[in-house]
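Asker:
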Amino acid sequence: MSLSPSEPPLLSRVADAVHWMNRYVERAENVARFVDVNLHLTLDAPTDHGASPWASLVATTGDHALFKEKYGAPTRENVMEFLTFDRSYPNSIASCLRAARENARSVREVISSEMWKQLNEMYLSVKEASRDPVAAFASPGELYDRIKHDCHAFVGVTYLTMTHNEAWHFGRLGRLLERADKTSRIVDVKAFLLLSQRSALAGAIDEIQWAALLKSASALEMYRKRHGRIVPERVVEFLLFENKFPRSVRYCVTKAERSLHAITGNSLEGRTLPPEALVATLRTELEQGDASKVLGDGGAELHAWIDALQTKLNGVGQAIYEEFLAPRPVSTRAESQLPPARVQTQTQSVAMPMAQSQSQRQSQG
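Take a look at the structure:
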């Protein structure tokens with residue numbers, strides 16, 4: 057798939073803003089889903105069973121040290137406040153939606169008015185709820201359902217109202233990389249805990265926990281239709297290697313590769329730029345993935361495999377940044393031996409409100 061050559065080149069700062077606008081919305085939706093699943097899990101599982109689901113939820117974010125420094129004990133209220141409304145925490149739902157909105161504000165000429173309206177309304181909705189957290193957390197299911205619904209609506213509005221040009225593909229690329237990362241994180245933490253504690257688990261509770269893992273990725277119903285009974289190996293396989301489920305890591309990487317080739321105009325079999333080569337290697341690895349080998353004997357092998365996966369996803373993100381998004385003189389593009397991507401770089405970057413440095417982005421997801 058190649059984009060129309062009649063369109064003007066896309067400015068790197070516009071590509072960056074659209075890319076991160078979509079990543080932030082996806083991140084907010086993922087956090088809302090994780091918290092919502094934990095709420096239901098605490099109702100189903102005994103309070104004295106294994107590790108605290110709220111502690112494991114903080115571990116999923118990778119920001120447990122920051123949480124401990126600011127809040128101390130991982131209680132229900134502390135974790136919900138941290139992940140939902142804490143404006144000083146850059147990965148909270150409130151912070152993500154604020155960052156997405158500021159990125160959208162800077163590219164109003166590129167996105168549709170319907171996209172701006174949807175994003176602005178969900179940002180204001182969460183901002184209003186944050187003024188009275190006690191009232192908001194009195195009915196947390198309603199709060200997180202609304203956030204998830206609003207984020208899903210934004211994805212749908214984007215698909216239906218924005219021209220599927222380079223900017224749209226940069227947005228989809230950001231959303232898919234974010235989704236792949238978050239799916240791998242939830243599998244890493246939840247599955248590791250479940251596998252390491254498996255000998256102490258009763259059968260019914262074991263199934264509840266694995267079902268919660270699937271719910272964290274909105275995958276329980278589709279898994280049931282495909283595999284029926286919950287089996288740990290099949291659960292890991294479904295979330296990592298399933299090629300038709302839109303939240304599996306393999307599916308996300310495959311679609312991300314297509315968007316990359318749509319941006320560059322290169323064929324899947326032709327010469328490629330560095331990010332295309334990296335994502336192709338990762339996609340091939342996922343196509344050949346074997347859940348039984350990844351799981352190994354217990355959770356240690358799974359953790360090591362996913363840690364390597366996240367390093368590769370970060371590598372793809374870094375390569376995309378260096379190839380397309382990093383401000384640099386246009387003359388450097390002509391020195392490349394590969395066909396130039398149609399992204400116009402700039403010698404002076406435009407300050408992006410809430411934009412993060414590449415190292416911050418990688419450390420946060």
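Under this note's numbering, the sequence shown is numbered contiguously, ending at residue 421.
Glycine residues also receive a C-beta, built at the ideal position from the N, C-alpha and C atoms.
#1: Just how far apart, CA to CA, sit Pro288 and Thr340?
#2: With Arg83 and Glu234 assumed to form a contact (beta carbons below 8 Å), what rounded beta-carbon distance in angstroms separates them?
#3: Who are the Cβ neighbours of Phe123 in its own chain at under 6 Å, not counting the five residues just before and after it?
#4: If we require 4 or more residues per run, which alpha helix (DSSP H) segments fall completely within the segment 117–142?
#5: Are Val372 and Leu334 touching if we call contact CB-CB under 7 Å?
#6: How about Leu97 and Pro109: do their beta carbons lie closer than 7 Å?
#7: Identify the continuous alpha helix (DSSP H) that holds Ala236 and give its terminal residues.
#8: Should Ala129 be labelled buried (16 or more other beta-carbon atoms within 10 Å of its own) or exposed?
#9: Can you tell which of Ser162, Phe141, Ser168 has the C-alpha that lies nearest to the C-alpha of Lys183?
#10: Assign Val190 to one of two classes, buried (16 or more other C-beta atoms within 10 Å of its C-beta) or exposed (fewer than that).
#11: Could you name each continuous alpha helix (DSSP H) segment of 4 residues or more that falls completely within the segment 138–200, going from the start of the chain to the end?
#12: Just mark Ala73 as buried or exposed, buried being the case when its beta carbon has 16 or more other beta carbons within 10 Å.
#13: Is the separation between the beta-carbon of Glu263 and that of Leu66 shorter than 7 Å?
#14: So is His208 buried or exposed if we call it buried at 16+ other beta carbons inside 10 Å?
#15: What residues in its chain sit with their C-beta under 7 Å from that of Leu338, if we drop five residues either side in the sequence?
#16: Specify, as a first and last residue, the run of the alpha helix (DSSP H) that Lys311 falls within.
#17: By the three-class DSSP mapping on this structure, what secondary structure does Leu329 have?
#18: Report the three-state DSSP secondary structure of Leu269 (helix, strand or coil).
#19: Taking all protein chains shown into account, do 16 or more other C-beta atoms lie within 10 angstroms of the C-beta of Ser195, making it buried, or fewer, making it exposed?
#20: Rounded to a whole number of angstroms, what is the C-alpha to C-alpha distance between Leu269 and Val243?
#21: If you reduce the DSSP assignment to three classes, tell me which class Leu99 lands in.
#22: Would you give the residue range spanned by the alpha helix (DSSP H) that Ala34 belongs to?
#23: Between which two residues does the alpha helix (DSSP H) containing Gln366 stretch?
#24: Which residues in the same chain as Gln366 place their Cβ atom closer than 7 Å to its Cβ, once the five residues preceding and following it in sequence are excluded?
#25: For a test of the three-state rule: what should DSSP assign to Asn299, helix, strand or coil?
Answerer: According to the data block:
#1: Per the coordinates, the alpha-carbon of Pro288 lies some 24 Å from the alpha-carbon of Thr340.
#2: Distance from Arg83 to Glu234 at the Cβ level is roughly 6 Å; contact confirmed, criterion being Cβ atoms closer than 8 Å.
#3: Same-chain partners within the cutoff: Val114, Phe138.
#4: Counting only runs of 4 or more, we get 120–127, 132–140.
#5: The criterion of a C-beta distance shorter than 7 Å is satisfied by Val372 and Leu334.
#6: Their beta carbons are under 7 Å apart, which means Leu97 touches Pro109 by this criterion.
#7: Following the DSSP letters along the chain, one finds Ala236 inside the alpha helix (DSSP H) bounded by residues 222–242.
#8: Label assigned to Ala129: exposed.
#9: The shortest Cα separation from Lys183 among Ser162, Phe141, Ser168 belongs to Phe141.
#10: Exposed: under 16 other Cβ atoms inside 10 Å.
#11: Counting only runs of 4 or more, we get 149–162, 169–186, 189–194.
#12: Under this definition Ala73 is a buried residue.
#13: No.
#14: Flag for His208 reads exposed.
#15: Cβ contact annotation for Leu338 (same chain, cutoff 7 Å, sequence separation greater than five): Val309, Lys368, Val372, in chain order.
#16: 305–320 is the extent of the alpha helix (DSSP H) around Lys311.
#17: If DSSP states are grouped into helix, strand and coil, Leu329 belongs with coil.
#18: Looking at Leu269 - three-state DSSP - the assignment turns out to be helix.
#19: The residue is exposed, with fewer than 16 neighbouring Cβ atoms inside 10 Å.
#20: Answer to the nearest angstrom: the Cα atoms are 7 Å apart.
#21: Looking at Leu99 - three-state DSSP - the assignment turns out to be helix.
#22: Not covered by the structure: residue 34. The range shown for the chain is 57 to 421.
#23: Taken as a continuous stretch (DSSP letters only), the alpha helix (DSSP H) holding Gln366 covers 356–376.
#24: Around Gln366: Asp237, Ser240.
#25: Residue state, collapsed to three classes: coil.
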